[in-house]
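Accompanying notes for the structure given below.
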Amino acid sequence: MNTQFPGPELWQRTVGDIAATLPGATAVLRNYKIDFCCNGDLTLDSAAHRRGVDRGELERALAALGTPDGASAVPTAMSNDVLIGHIQACYHEAHRRALQELIALSRKVEAVHHEHPKVPAGLSEALRQLQRDLEPHMAKEEAILFPAMLQWTEGKFDIPISELRHEHDDQGISLRRLECLTDNFTTPEGACRSWQALYVGTAQFAEDLIKHIHLENNVLFPRFAAAEIRT
Ligand SMILES: [Fe+2]
Ligand SMILES: [Fe+2]
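Heads up, the sequence shown is in my numbering, so the first residue is -19 and it goes up one at a time.
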C-alpha cells in the first residue's frame, strides 16, 4: 500500500471525487452516512464534520482500501459511451426490475402484518411514488440527455442538466423516507422471510440509486458542465 495515501490532502478533496476515484470508497462513505451523491461537492473535512464522524476511524477505513492505482475499471476512466451504457444497464434497468418486485413484496408484507407494531405502513406507496418519479426521469435521460451527450462534440450543450440535478435531490429525499419507514432497513425480531427479503432488497435498491445519482452528478454531468446552458 502507498504510505502517502490517504495523507492530509485527502480531507480537502470532495467526497464526490473520492467516491468516483477510489474503488470501494462508496461503501465506506455510506457506512458513515456521508452523502457523496447529492452533496458530492463538500470536502471530506466538511462532510465528516457535518456527520460528527470520528476522523481517525474514517481515515483508517479509507486507507484500508489502498490507492486508486489501476484505475482502468473505475467509471472516471470510462469513455462517455461506455459510462452511459453502464448507467443504463446496471442502474436504469436494475431499478425498474427492483421497484416492480419491491412494490409487490411491500404490499404483501403490509397486508399480512398490518397489526404488527413495526409494520412498514406506507412503504409500498413510498416505493410506488419513487417509481412514478424515477420512470419519467430515466426516460428523459434515455430519450434526450444521453443521445445529446453521445452526439456532442463542442460548443454549447443545450440540455439543462441543473433540472436533472434537482430531480436527483428529490430522489435523495425519497430515500431518506425509505430509511425512516424501515427503521434503516432493520427487520424486527422474528420477521418472516418476505419481510427480510423486502428490507434486503430495499436496502440494495437504495444503495444502487445512490451510486447511480453519484455517477451522474459527479462523473458524467461534470464532463458537460462547462458547455451547459444554465436555466
Ligand atoms: Fe440515470
Ligand atoms: Fe438521473
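Think of the CB as a built atom: it goes at the ideal place given N, C-alpha and C, for glycine as much as any other residue.
| Item | Value |
| --- | --- |
| Taking 6 Å as the limit, name every residue whose beta carbon sits nearer than that to some heavy atom of ligand 2, in sequence order. | HIS117, GLU121, LEU144, HIS148 and GLU196 |
| Taking the straight line between their C-alpha atoms, what separation do you get for ALA205 and HIS94? | 48 Å |
| Is HIS72 near ligand 1, with its Cβ less than 7 Å from a heavy atom? | yes |
| Three or more C-beta pairs under 8 Å: does that hold for the region 76 to 96 against the region 167 to 177? | yes |
| Roughly how many angstroms lie between the CA atoms of ALA101 and THR6, to the nearest whole one? | 30 Å |
| Rounded to whole angstroms, what's the CA-CA distance from ILE193 to CYS17? Just pull it up for me. | 6 Å |
| By the three-class DSSP mapping on this structure, what secondary structure does PHE204 have? | helix |
| Go ahead and label GLU73 buried or exposed: buried means 16 or more other beta carbons lie within 10 angstroms of its beta carbon, across all protein chains shown. | exposed |
| Under 7 Å Cβ to Cβ from ASP149, same chain only, skipping five residues before and after it: list those, please. | CYS18 |
| Check the DSSP bridge columns for THR23 and list the partner residues they point to. | THR(-6) |
| For a test of the three-state rule: what should DSSP assign to PHE165, helix, strand or coil? | coil |
| Please classify PHE137: does DSSP put it in a helix, a strand, or coil? | strand |
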